[in-house]
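In full-length UniProt numbering, the protein residues as written are 1 to 379.
Virtual Cβ for every residue (Gly too), placed ideally from N, Cα, C.
As the structure is a computational prediction, the values presented were derived from the model and not from experiment.
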């Protein structure tokens, strides 16, 4: 999952537009409350959606650390996770922050409730953190218990039961408190930061209610990013109404793995499986043996078109070669985003198209029922 259990938004600050000269960012601090001397760091440019994230490790000396984020021209989103004793990083305690190229961010205090010093908005975050501290402390306490259970190799069902019974309700109250803060502080830049964390429902409700000085001020880049996300979400919701069994499958043209244009309409008259996948998707890769088995079994009756998503061209081609995938392959294009056309919400997504060009079945995830359905077609 993209975010680990206990991400806590620490602070944010963005320029109105990207800087023209790349600058490095220094992250430093002296913190307490970390069981080991190790922090995991993950960072990614906020504005460039297809730029891959970077990961690294910070080794502290008596709680002190210094880490340089390489030169960039865009604001950077950063996650810090404390490696727990026992080494189980899957539910490591963590905090989230943003950094402006060229600035120095200094963290101090108890992790993950660190105060920070840097841009003026860091101080604004420190002040609002006091309001949310009770929820954060409860989540941190429950998180420690979950870590202990995992280190004791407790059954996954037991860990998830505790998460759902104790952690999830506190997290929901925390989100409600943060949403209420946004609703009553539409003239505060920090509210835009909180919308970034809260997600699409709160963003849709409050983004365009923010005061002009917030939308057009220091965080204008973040406002633009969230506005673009809402537009994509609306496009996907409209497309979802059209991606139903019995409706025509939208045609598209993408570049295939050999550099030639490929159009879905070229396969009219055959059964076609559109497989939305990526080399980064564990479930996609796990399902490839079954895909290959059924392709060999029914290749005279159907075609498979693998639509690679959210990969670099190199990783896409390497994965096709590594897993020896013999069917047609194209790569999604951000400007001709087929995932929007087909309202893709998860990976893998498989869409079976009948010879008449109409959608026959849609399956999200790796589901044996998909292959049983194919068997039923060619009995």
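Let me know if residue i comes out buried or exposed under the rule of 16 or more other beta-carbons within 10 Å of its beta-carbon.
i, result
"residue 310", "buried"
"residue 378", "exposed"
"residue 332", "buried"
"residue 380", "Since the first residue of the chain shown is 1 and the last is 379, residue 380 is not available in this structure."
"residue 187", "exposed"
"residue 306", "buried"
"residue 130", "exposed"
"residue 199", "exposed"
"residue 350", "buried"
"residue 50", "Note on residue 50: pLDDT 47, under 50, position unreliable in the model; no value is reported."
"residue 90", "Because the pLDDT of residue 90 is 49, which lies under 50, any placement of that residue in the model is unreliable, and the question is left without a value."
"residue 218", "buried"
"residue 96", "buried"
"residue 330", "buried"
"residue 282", "exposed"
Nearest to residue i by CA position, among the options, is which residue?
i, options, result
"residue 203", "358, 217, 218 and 180", "180"
"residue 79", "212, 43 and 330", "43"
"residue 147", "59, 346, 66 and 82", "82"
"residue 347", "37, 367 and 374", "367"
"residue 37", "154, 60 and 210", "60"
"residue 293", "372, 195, 106 and 185", "372"
"residue 211", "34, 183 and 376", "183"
"residue 364", "329, 304, 162 and 275", "275"
"residue 361", "325, 272 and 280", "272"
Residue i by DSSP, collapsed to three states: which one?
i, result
"residue 151", "helix"
"residue 90", "Note on residue 90: pLDDT 49, under 50, position unreliable in the model; no value is reported."
"residue 373", "helix"
"residue 273", "strand"
"residue 210", "coil"
"residue 367", "coil"
"residue 279", "coil"
"residue 299", "coil"
Note the first and the last residue of the continuous beta strand (DSSP E) segment covering residue i.
i, result
"residue 27", "23-32"
"residue 234", "Not the beta strand (DSSP E): residue 234 falls in the alpha helix (DSSP H), residues 220-240."
"residue 159", "Where residue 159 is concerned, there is no enclosing beta strand (DSSP E), although the alpha helix (DSSP H) it sits in stretches over 156-162."
"residue 182", "Careful: residue 182 lies outside any beta strand (DSSP E), inside the alpha helix (DSSP H) at 168-184."
"residue 283", "Counting along the chain, residue 283 falls outside any beta strand (DSSP E), though it belongs to the alpha helix (DSSP H) covering 282-286."
"residue 303", "302-308"
"residue 261", "261-263"
"residue 56", "54-59"
"residue 40", "38-45"
Along the alpha helix (DSSP H) that carries residue i, what are the first and last residues, could you check?
i, result
"residue 194", "189-198"
"residue 251", "Here residue 251 belongs to no alpha helix (DSSP H), and DSSP marks it neither H nor E."
"residue 397", "Residue 397 lies beyond the residue range present for the chain, which begins at 1 and ends at 379; the question has no answer from this structure."
"residue 339", "338-341"
Determine, using beta carbons only, whether residue i comes closer than 8 Å to chain C.
i, result
"residue 104", "The chain inventory of the structure shown lacks chain C, comprising one protein chain alone."
Ranges of the beta strand (DSSP E) found wholly within the region 107-138, counting only runs of at least 3: Taking only runs of at least 3 residues, the beta strand (DSSP E) segments lying wholly in the region 107-138 are 115-117.
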